[in-house]
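Structure first, then comments.
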Amino acid sequence: MNKLPKLVLFATKELAGPRGNVWVIGAQNAGKSTLINTLAEKEGVKVMRLTEAAVPGTTLGILRIAGILPAKAKLYDTLGLLHPYLMTMRLNTEEQKMVELRKELQPRTFRVKV
Ligand SMILES: Nc1nc2c(ncn2[C@@H]2O[C@H](COP(=O)(O)OP(=O)(O)O)[C@@H](O)[C@H]2O)c(=O)[nH]1
Ligand SMILES: [Mg+2]
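Position one of the sequence shown corresponds to residue 1 (full-length UniProt numbering), numbered consecutively onward.
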């Protein structure tokens with residue numbers, strides 16, 4: 001079993017204290033919303049499930065997440081930082097549509113002849 005989420009939750013609460021602010025910051029598509037959803041799950045709270053998406057830019061604004069940290073502490077999900085190394089940042093909207101995944105990927109095996 002993966003103990004990391006529990007440790008992250010514990011450390012976050014310790015660092016935030018009773019009324020601290022916690023901002024989840026990172027590149028677009030780094031897994032910020034997924035992390036918060038996992039923390040909520042570990043805490044056993046029902047928060048609005050945040051969108052986890054394969055395409056960047058799905059978190060639309062700064063969202064305050066209630067229920068994970070003590071009442072007066074604040075936890076925020078953010079839109080994410082833009083990085084030139086994200087390939088999707090170099091594509092326009094039309095091009096993003098072309099590379100977007102629409103179905104689950106199926107593994108395929110090929111045998112290469114000598
Ligand atoms: N392989 C892997 N994928 C992840 C992990 N965390 C999130 N993802 C995937 O990365 C994509 C972006 O996640 P999301 O939480 O929306 O990123 P955000 O833009 O930082 O909020 C989604 O397809 C997630 O399922 C992880 O730890 N490992
Ligand atoms: Mg997000």
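Virtual Cβ for every residue (Gly too), placed ideally from N, Cα, C.
Classification of residue i by the beta-carbon crowding that lies within 10 angstroms, buried from 16 upward
i	result
Lys32	buried
Val114	exposed
Val24	buried
Ala11	exposed
Ala66	exposed
Ile62	exposed
Ala71	exposed
Leu105	exposed
Leu50	buried
Residues sharing a beta bridge with residue i, DSSP
i	result
Ala27	Leu81
Val45	Paired residues: none, contrary to the question.
Leu63	Asp77
Val8	DSSP output for Val8 lists no bridge partner at all.
Asn21	Lys74
Pick from the options that is closest to residue i, judged by C-alpha positions
i	options	result
Gln28	Met48, Pro84, Met98 and Pro5	Pro84
Gly80	Leu4, Lys6 and Thr34	Thr34
Asn21	Leu4, Leu9 and Leu75	Leu75
Ala16	Arg108, Val45, Arg64 and Ala73	Ala73
Leu86	Arg19, Gln96 and Thr51	Gln96
Glu52	Lys6, Arg90, Arg111 and Asp77	Asp77
Pro5	Arg19, Lys103, Lys13 and Thr38	Thr38
Ala30	Val45, Leu82, Leu7 and Lys46	Leu82
Leu19	Glu41, Lys3 and Leu69	The identity of residue 19 in the sequence shown is Arg, whereas the question assumes Leu. When each option's Cα is compared against that of Arg19, the closest is Leu69.
Ala40	Leu9, Arg108 and Gly26	Leu9
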